[in-house]
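Here the structure comes first, spelled out in structure tokens, and everything after it is commentary.
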Amino acid sequence: MSDSQQPPESVYNHLSKEESKVQKAPRYVSKFRQAVILENKATKDSMKTMGPANVEMPSPDKFLKKHSKEPKLPEVTECSKKCLRTCTCTVRKPPVPKRTDIPPMEIHTKKDFSQTTVAVPVKPTPASVDSRKGDKQLLEQSGLVPKYVLKQDYGEVPAYLQKRREEETKTQEEYERFIAEQKEQEAKKRLSEEERQSILKGLKKRWDHFHREYQCLPLIIDTFSKKAHKKRLEEAMSQLEKDISYFETYTIIYKPKD
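Counting along the sequence shown from 1, when you hit position 33 you're at 273 in my numbering, and nothing is skipped either side.
Written out as structure tokens, the structure reads:
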């Protein structure tokens, strides 16, 4: 019942009221959650940071003993004892020659053993003493001996510079030859007098044709087509007059090759 219909003090006020519970919205879950989990598992390296899951604990019986890390000699057996008595190396030596074997004779060689046994005397490196205390320096690197002046190619152009100069000369010649060929292809041909007169005659004949057509135009030009036709004739006649003046003024005219 509303407050307007019931008095301020009423039995209805003592009724227990149900508390209205606020319903929470469902927790947001991305629709890409499963794809992200699969991608993370695919790119994840197992046992990279924390180590393997199950590690076998060391046994108390297998503790580190004294001298266990030192290299050990092989055990001596009966077979190894017999081998030590018969041979002193790992490679089997050739058999000893018998008394009945005849050694090879009359084997001559050109090698002079007396000269090979003579020791070659060691020559001291040339040096110069430059102080009273015995300090010395090698003459070869000191600059006191004329080392480079006495060379056979002293004062001559090095071979690599000559080769580079020849390559540059060859490249320049090829470039000049290419330019000459291009100029020859693009060279212009001079018009002969007969050709010039023939072209001039054709231009004048064409100008007469346009002039005759221009004179045939009506006196009253009131449409767009007539105006355009008159303008086209005037432009053609003006261009022909320029060409005729050019051919009459200049007697030497060049044209590009076909």
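Where a beta carbon is used, it is the ideal one built from N, C-alpha and C, also for glycine.
Item, Value
"Start-to-end residues for the beta strand (DSSP E) that takes in R436", "Taken as a continuous stretch (DSSP letters only), R436 belongs to no beta strand (DSSP E), being part of the alpha helix (DSSP H) at E433 to Q455."
"Neighbourhood of M241 by C-beta, 6 Å cutoff - its chain only, sequence neighbours within 5 removed", "Confidence at M241 is low in this model, with a pLDDT of 47, below 50, so the placement of that residue should be treated as unreliable; the coordinate-derived value is given next. None."
"Per DSSP, cross-strand counterpart(s) of A275", "BP columns for A275 are empty, so no partner."
"Helix, strand or coil at S382 according to DSSP, with G and I counted as helix", "helix"
"Touch test, the region 421-435 against the region 484-497, Cβ-Cβ under 8 Å, three pairs minimum", "yes"
"Distance between D352 and A359 (C-alpha atoms, nearest Å)", "14 Å"
"Nearest residue (CA-CA) to E488, options D285, Q437 and I347", "Q437"
"Straight-line gap, I461 to Q455 (C-alpha atoms, nearest Å)", "13 Å"
"Exposed unless 16 or more other CB atoms sit within 10 angstroms - verdict on L480", "buried"
"Residue nearest to W447 in terms of C-alpha spacing, selected from K471, A476, A427 and I419", "A476"
"Beta-carbon proximity of P217 to E380, cut-off 8 Å", "Any question about residue 217 goes unanswered here, given that the chain covers just 241 to 498."
"Neighbour-count burial assignment, L443, 16 or more Cβ in a 10 Å radius", "buried"
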